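There are 2 protein chains.
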Amino acid sequence: MGVTIIDVAKEAGVSRTTVSNVFNNRAKCSEETRLAVLAAARKLGYKPNLVAKALITNRTRLIGVILPSYIDKNTLTSSPFYNIIIDGIYATLRQEIYYDLIIFSVSDQSGLAQVSDWIDARRVDGLLAIGEYAPDFLKDLDSKGIPVVFIDNYAPASYAHLSYVNSDDGTGGYLATQRLIAGNYRKIALCSVAFHSPLMQKRYDGYKKAIREAGYEEYLFEKNGLPFEVGLQLGETLLARRLDAAFCTEDMLAIGLLHALLQRGIRVGADFGLIGFDNILFSQQIYPPLTTIDQNIFEKGEAATRMLLDILHEKTSAGSRLILPVHLIERATVR
Amino acid sequence: MGVTIIDVAKEAGVSRTTVSNVFNNRAKCSEETRLAVLAAARKLGYKPNLVAKALITNRTRLIGVILPSYIDKNTLTSSPFYNIIIDGIYATLRQEIYYDLIIFSVSDQSGLAQVSDWIDARRVDGLLAIGEYAPDFLKDLDSKGIPVVFIDNYAPASYAHLSYVNSDDGTGGYLATQRLIAGNYRKIALCSVAFHSPLMQKRYDGYKKAIREAGYEEYLFEKNGLPFEVGLQLGETLLARRLDAAFCTEDMLAIGLLHALLQRGIRVGADFGLIGFDNILFSQQIYPPLTTIDQNIFEKGEAATRMLLDILHEKTSAGSRLILPVHLIERATVR
DNA sequence: CTGAAAGCGCTTACAG
DNA sequence: CTGAAAGCGCTTACAG
Numbered sequence: 001m002g003v004t005i006i007d008v009a010k011e012a013g014v015s016r017t018t019v020s021n022v023f024n025n026r027a028k029c030s031e032e033t034r035l036a037v038l039a040a041a042r043k044l045g046y047k048p049n050l051v052a053k054a055l056i057t058n059r060t061r062l063i064g065v066i067l068p069s070y071i072d073k074n075t076l077t078s079s080p081f082y083n084i085i086i087d088g089i090y091a092t093l094r095q096e097i098y099y100d101l102i103i104f105s106v107s108d109q110s111g112l113a114q115v116s117d118w119i120d121a122r123r124v125d126g127l128l129a130i131g132e133y134a135p136d137f138l139k140d141l142d143s144k145g146i147p148v149v150f151i152d153n154y155a156p157a158s159y160a161h162l163s164y165v166n167s168d169d170g171t172g173g174y175l176a177t178q179r180l181i182a183g184n185y186r187k188i189a190l191c192s193v194a195f196h197s198p199l200m201q202k203r204y205d206g207y208k209k210a211i212r213e214a215g216y217e218e219y220l221f222e223k224n225g226l227p228f229e230v231g232l233q234l235g236e237t238l239l240a241r242r243l244d245a246a247f248c249t250e251d252m253l254a255i256g257l258l259h260a261l262l263q264r265g266i267r268v269g270a271d272f273g274l275i276g277f278d279n280i281l282f283s284q285q286i287y288p289p290l291t292t293i294d295q296n297i298f299e300k301g302e303a304a305t306r307m308l309l310d311i312l313h314e315k316t317s318a319g320s321r322l323i324l325p326v327h328l329i330e331r332a333t334v335r
Numbered sequence: 336m337g338v339t340i341i342d343v344a345k346e347a348g349v350s351r352t353t354v355s356n357v358f359n360n361r362a363k364c365s366e367e368t369r370l371a372v373l374a375a376a377r378k379l380g381y382k383p384n385l386v387a388k389a390l391i392t393n394r395t396r397l398i399g400v401i402l403p404s405y406i407d408k409n410t411l412t413s414s415p416f417y418n419i420i421i422d423g424i425y426a427t428l429r430q431e432i433y434y435d436l437i438i439f440s441v442s443d444q445s446g447l448a449q450v451s452d453w454i455d456a457r458r459v460d461g462l463l464a465i466g467e468y469a470p471d472f473l474k475d476l477d478s479k480g481i482p483v484v485f486i487d488n489y490a491p492a493s494y495a496h497l498s499y500v501n502s503d504d505g506t507g508g509y510l511a512t513q514r515l516i517a518g519n520y521r522k523i524a525l526c527s528v529a530f531h532s533p534l535m536q537k538r539y540d541g542y543k544k545a546i547r548e549a550g551y552e553e554y555l556f557e558k559n560g561l562p563f564e565v566g567l568q569l570g571e572t573l574l575a576r577r578l579d580a581a582f583c584t585e586d587m588l589a590i591g592l593l594h595a596l597l598q599r600g601i602r603v604g605a606d607f608g609l610i611g612f613d614n615i616l617f618s619q620q621i622y623p624p625l626t627t628i629d630q631n632i633f634e635k636g637e638a639a640t641r642m643l644l645d646i647l648h649e650k651t652s653a654g655s656r657l658i659l660p661v662h663l664i665e666r667a668t669v670r
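Given below as structure tokens:
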């Protein structure tokens, strides 16, 4: 530590400008000096200081990720969804040297102001945000002058500097419900957490459409809380109401429900149809494996990151929108 | 953006030193000027620039986390363990204002050099590292002059600047095996991935001890790969060899095995005893819920972070070691 | 209690 | 092709 560009310049017998040029391969310099600089740097163990570089260039090469963790303190633990997204983000970022991630975890709505300050303090180059936030916060983000790409949030459409990538949630809800109808189940529930969010409403729209087309009746079960726990509690309710199928708006909810059903000796698939949404890894690891709507979460993370990077490099403009396709994954919880 | 400490100083009619003092509440200044500075800052929308601050103070308030992802690109997705750790880290960090996390994900052993450069470039204040690494890399980390705290790595004991927090792995293996013996199973397998790592050897030691005390025979099944997949494949093998119980050195392995067993119509618990290790959230969400060894992963993340922070604040010295207790969680996969 | 000055390690016009 | 100089936004002795 402590060896700076000046030391390298002295050692190589050139100016610091030249050293800087070599390291950023900007101005063309003779191969001779280039080698001399590199040799001096290696000899001295010189490591460029990104902090100093960030100060002068006004670019930190830091991407902030905003995660809503007001649902539960243990965001990552309880939401497999976020993990896949983050894996997708990393996979993309790793291809660009020296872009790093810094995660801002929003513990509650009142913590939003703190996150806002944090973003300013760290001077991140861009932002990736997952999920829904208060309108004021969106407005605040929009005013920061850095690109932000949302995942699973339809609101950015009304802001000039916010972009988003979402999945085709409506079609997902439709496909799931249609499959249940095709499986000859009669009383098909829609189970949801955060039911009133725009995202869930789209999934509900799909359900509604399929139900109407079949001339069936709607059965809505919505409750707030941790998805798995809600699913667990819903088992009893659905059985008492004599439902024989359920489309759950997220996998963890379906997995909780599956647990409750299995516990009561129900033969899921044969006697009760169950479809989730997300296709998290977990959904195929449980037994019986869950039939679900795949929304390519990993690719969603990749796409959002690619979009942000493109905006940063001015290959795309802010305010872009992308909707990714979904499809049904047949497994064992539907006959 | 763009408003600096100088603007605030002008607006408040004081020097920048005073503004700096107010924001870091260092030197005592009159309440009057303090208020004036704060008012000016608010009026102008001043946000301190952590990058500039980091350059001058030589402290970035950034903690690096090193994650081994050479097992699988999708580290977070496939390893619930890491998520809990990271949640624990965040929970602790959030209590200290302006400490952030930057994650270095090691894609393969050859990527180690890159991670090393990265650490230097970002000038992180300290490091948290999870899992096992090549000896050369440990040596390299040790030489960086910043504190690093390991989780699940026994090697740091031989380095002056590396600390660690681990679980009582030996006792865990012992408790699990003992419980299986008490359940009257006769042929108890030990299933493991990364069997030759020091960590797994400790769990194996516990197994061995219990098996010997009971006068039983050892049955070792080890294979490298993704834990869940290995578990899935092991089902057939164990059944063919007429084993009637298994202690799996990690939950995801046990969950894969459980899946394979259920698929073959085995009544797990009644006819086959199964115990995992970790107590990830998943282990209680599956059906039947998994009997396992709880190692308090969340608290491990918290403890490691606390330790790092204490070293950073010179309340503890580098080279510390902490072993956390484990205990058996009774659930449904053992009779 | 407050201010003038030096400096952290880099980049970037601008000359030559 | 290479160098001298200014400056990014802050902190920190040191005077007063």
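Heads up: the protein sequence lines correspond to chains A and B, in order.
Per our numbering, residue 1 is the first one in the first sequence, and the count goes up by one each step.
Per our numbering, residue 336 is the first one in the second sequence, and the count goes up by one each step.
Using N, Cα and C, we set each Cβ at its ideal position, and we do this for glycine too.
Computed from a predicted structure; not experimentally measured.
If the cut-off is 8 Å on Cβ atoms, which residues from the stretch 40–53 of chain A count as contacting chain B, listed in chain order? K47, P48, N49, L50, V51 and A52
Output yes if chain A places a C-beta closer than 8 Å to the C-beta of S413(B); else output no. Closer than 8 Å to the CB of S413(B) there is at least one CB belonging to chain A.
If T333(A) and T291(A) are in contact, beta carbons under 8 Å, what's the gap, nearest whole angstrom? Contact flag correct, Cβ pair sits at about 5 Å.
Got a sec, what are the start and stop residues for the beta strand (DSSP E) L238(A) sits in? Note, L238(A): premise wrong, no beta strand (DSSP E); alpha helix (DSSP H) at P227 to A240.
By Cβ distance below 7 Å, which residues in the same chain neighbour E346(B) in space, the five residues on each side in sequence not counted? A375, K378 and L379
Chain-ordered chain B contacts of H259(A) [CB-CB under 7 Å]: Chain-order list of chain B residues neighbouring H259(A): Q620 and Y622, by C-beta distance under 7 Å.
Cα-Cα separation between N393(B) and G2(A), rounded to whole angstroms: 10 Å
Is DSSP giving I71(A) helix, strand or coil here? In this prediction, I71(A) scores a pLDDT of 48, lower than 50, which makes its location untrustworthy; no coordinate-derived value is stated.
Comparing the C-beta of A456(B) with each C-beta of chain A, is any distance below 8 Å? yes
Are the beta-carbon atoms of E299(A) and L324(A) separated by less than 8 Å? Taking 8 Å as the cut-off, the Cβ atoms of E299(A) and L324(A) count as close.
Nearest to I146(A) by CA position, among T33(A), G111(A) and R61(A), is which residue? Nearest of T33(A), G111(A) and R61(A) to I146(A), Cα basis: R61(A).
Own chain, CB closer than 8 Å to T33(A), minus 5 neighbours either side, in chain order: A12, V14, T18 and V22
Could you confirm whether any beta carbon from chain B is found closer than 8 Å to the beta carbon of F137(A)? no
Is I398(B) closer than 8 Å to L370(B) when the C-beta atoms are compared? no
Using 8 Å for Cβ pairs, my map puts I465(B) next to P403(B). What's the rounded Cβ distance? 7 Å
Does any residue of chain B bring its CB to less than 8 Å from the CB of S317(A)? At a cut-off of 8 Å between C-beta atoms, S317(A) does not count as an interface residue with respect to chain B.
Do the CB positions of L243(A) and L128(A) come within less than 8 Å of each other? no
Should F247(A) be flagged as near chain B, meaning a C-beta pair shorter than 8 Å? Chain B, which has no Cβ nearer than 8 Å to the Cβ of F247(A), makes this no.
Less than 8 Å between the CB atoms is what I'm expecting for T512(B) and G541(B), so what's the real figure, rounded? 7 Å
Can you tell me where the beta strand (DSSP E) holding H648(B) begins and where it ends? Run containing H648(B): none; DSSP gives neither H nor E here.
Any C-beta of chain A under 8 Å from that of F617(B): yes
Can you tell me the Cβ-Cβ gap for K537(B) and G505(B), rounded? I've got them flagged as a contact below 8 Å. 5 Å
Given that a residue counts as buried once 16 or more other Cβ atoms are within 10 Å of its Cβ, and exposed if not, what is L555(B)? exposed
Pairs of beta-carbons, one from the stretch 561–571 of chain B and one from the stretch 253–269 of chain A, closer than 8 Å: are there three or more? Because the criterion of three Cβ pairs below 8 Å is not met, the stretch 561–571 of chain B and the stretch 253–269 of chain A do not touch.
Less than 8 Å between the CB atoms is what I'm expecting for L525(B) and L663(B), so what's the real figure, rounded? That pair is no contact at about 16 Å.
Since L390(B) meets chain A, which of its residues come closer than 9 Å, beta carbon to beta carbon? Taking the beta carbon of L390(B) as reference, the chain A residues within 9 Å of it are N49, V51, A52, A54 and L55, listed in sequence order.
For the alpha helix (DSSP H) that V37(A) lies in, which residues bound it at each end? E31 to L44
Express the C-alpha separation of R122(A) and T339(B) in angstroms, rounding to a whole number. 14 Å
Y90(A): contacting residues in chain B (beta-carbon distance under 7 Å): S440
Taking the alpha carbon of V37(A) as the reference point, which residue from A9(A), Q295(A), G319(A) and A52(A) has its own alpha carbon closest? A9(A)
Applying a beta-carbon distance threshold of less than 8 Å, which residues of chain B neighbour D117(A)? Those within 8 Å of D117(A) in chain B are K382.
Just to confirm before moving on: does the CB-CB distance between T651(B) and G423(B) stay below 8 Å? With contacts defined by Cβ atoms closer than 8 Å, T651(B) and G423(B) do not form a contacting pair.
DSSP beta-bridge partners of E557(B): Bridge partners of E557(B): S527(B).
Which value, in whole angstroms, describes the spacing of the CA atoms of A194(A) and I421(B)? About 25 Å.
Between which two residues does the beta strand (DSSP E) harbouring I616(B) extend? Note that residue 616(B) corresponds to Leu in the displayed sequence, not to Ile. No beta strand (DSSP E) holds L616(B); DSSP gives it neither H nor E.
Given a threshold of 16 other Cβ atoms within 10 Å of its Cβ, counted over all protein chains shown, does P198(A) qualify as buried or as exposed? exposed
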